[in-house]
Amino acid sequence: MAWMLRLVKIGVEGEGPCTDIMEIRRPNDLVDIANLGLTLAEAKLLLARVQREIVAAQARSHAVRRPDCARCGDVCRVKDYRDHAVSTLFGQVTLRLPRFRCAACGGIEAGIAWPSHCRSTPELDRLQAHLCAVMTYRTATDVLGQMFPVDAGTHHETLRRHTLKVGEALGECATIRPDTAASPIVVTLDSTFIRSRAEGKRHLEVRVGNVETQSGGRQVFGAVAKSSTPIAELIRRNLDAVGRTEDTALTAFTDGCPGLRRIPADAGVTTPPMLDWFHVAMRLQHLKQIAGTLLDHGNDSRQILTHGLLRSGARAASGVAARTAAARAAC
Ligand SMILES: [Zn+2]
Numbered sequence: 140m141a142w143m144l145r146l147v148k149i150g151v152e153g154e155g156p157c158t159d160i161m162e163i164r165r166p167n168d169l170v171d172i173a174n175l176g177l178t179l180a181e182a183k184l185l186l187a188r189v190q191r192e193i194v195a196a197q198a199r200s201h202a203v204r205r206p207d208c209a210r211c212g213d214v215c216r217v218k219d220y221r222d223h224a225v226s227t228l229f230g231q232v233t234l235r236l237p238r239f240r241c242a243a244c245g246g247i248e249a250g251i252a253w254p255s256h257c258r259s260t261p262e263l264d265r266l267q268a269h270l271c272a273v274m275t276y277r278t279a280t281d282v283l284g285q286m287f288p289v290d291a292g293t294h295h296e297t298l299r300r301h302t303l304k305v306g307e308a309l310g311e312c313a314t315i316r317p318d319t320a321a322s323p324i325v326v327t328l329d330s331t332f333i334r335s336r337a338e339g340k341r342h343l344e345v346r347v348g349n350v351e352t353q354s355g356g357r358q359v360f361g362a363v364a365k366s367s368t369p370i371a372e373l374i375r376r377n378l379d380a381v382g383r384t385e386d387t388a389l390t391a392f393t394d395g396c397p398g399l400r401r402i403p404a405d406a407g408v409t410t411p412p413m414l415d416w417f418h419v420a421m422r423l424q425h426l427k428q429i430a431g432t433l434l435d436h437g438n439d440s441r442q443i444l445t446h447g448l449l450r451s452g453a454r455a456a457s458g459v460a461a462r463t464a465a466a467r468a469a470c
């Protein structure tokens, strides 16, 4: 059996011209389950063809609009046509749009409200940036190529450049504050290392975290340490983005690193940060290991342990470790 997919334009006067998009053929039986419905290749081809037809119709409709001359205000006439290649999520399309010349003063006009510098649609930019944020550039390129009829910017280096450009533009955007103010906001900040794959290349220390509200608002942030990205400013902007006001109660969680503890204060969190559960658990684990070691060495060690723990409490596991070494030496 076979189907013909036909695209019909609907105008104010009713049905307009139609275009045959694609013929789909399928066996009459379902002996092979692989023949059930559309294949991915057919779906990609279908999307790409529909996209081209719709864009061409939009370009024709846009091209009939005549701008007025910006210099003298006279009506412009068509000078020539230029092709504009634009990448979309459903393939690269070419828009044939006119340039105009003023009959009175000879001035050139590009057209009405056409962003001639654009080379891709915002939807494609957003999806590429999103995928690159959650996976490697190579994998993101592969996923896009597998799922969509994307035929421009398919190299991972191109995707990387494009994503970094989108990231730079995002950094320059003004913060959009929500209509409702958040009550308490929790800021979580931690650091980690990203090891370089190449031998001898430097490893990056990155600081990552998020701001969360009780109502479910959440923003994540991250910056490479000792880079030009101001992490405190980044946190301030994210706090504003989830509805921070002057009266909002702010609580910060970090590990015990003095460098990290200063950052929330720089970002406007006036109360001292707390240890998060993971770092509390790590310190308790240290103490548990030390206690186990000392108990293995009998009563003398137990007295030293009790004395040491009472004095140090949950503070500075390294100090307790030093006393452990001393106890071991005494045994
Ligand atoms: Zn003119």
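Residue numbers for the sequence shown follow the working numbering, beginning at 140 and rising by one. C-beta: ideal position from N, C-alpha, C; glycine also. Computed from a predicted model, the values in this text were never measured in an experiment.
Per DSSP, reduced to three states, the secondary structure at Ser-200 is helical. Around the beta-carbon of Val-305, 16 or more other beta-carbon atoms lie within 10 Å, marking it buried.
Where Ile-333 is concerned, the enclosing beta strand (DSSP E) starts and stops at 324-333. Contact check for His-295 and Arg-277: beta-carbon distance about 4 Å, within the 8 Å limit, so the pair qualifies.
Looking at the DSSP output, Asp-222 bridges to Arg-235. Distance check between Gly-361 and each of Asp-213, Met-143, Ala-272 and Leu-236 places Ala-272 closest, using alpha-carbon atoms only. Annotation note: the region 376-424 contains the following uninterrupted beta strand (DSSP E) runs of length 3 or greater, listed N- to C-terminal: 389-393. DSSP places Asp-213 in the coil class of the three-state scheme, outside both helix and strand.
Within 10 angstroms of the beta-carbon of Glu-248 lie 16 or more other beta-carbons, which makes it buried. Taking 8 Å as the cut-off, the Cβ atoms of Arg-221 and Arg-240 do not count as close.
Distances between the C-beta of Gly-246 and the heavy atoms of ligand 1 include at least one below 7 Å. Taking 7 Å as the cut-off, one finds no heavy atom of ligand 1 near enough to the beta carbon of Ala-249.
By the Cβ neighbour-count rule, Asn-174 is exposed, with fewer than 16 other Cβ atoms within 10 Å of its own.
Where Gly-355 is concerned, there is no enclosing beta strand (DSSP E), because DSSP gives it neither an H nor an E. Proximity of the beta carbon of Arg-210 to ligand 1 is indicated: a heavy atom of the ligand is located closer than 7 Å. The continuous beta strand (DSSP E) containing Met-143 extends over residues 141-150. In its chain, beyond the 5 residues on either side, Ala-321, Ile-324 and Val-381 have a beta carbon closer than 6 Å to the beta carbon of Thr-352. DSSP lists Arg-216 and Ile-247 as the bridge partner or partners of Arg-240.
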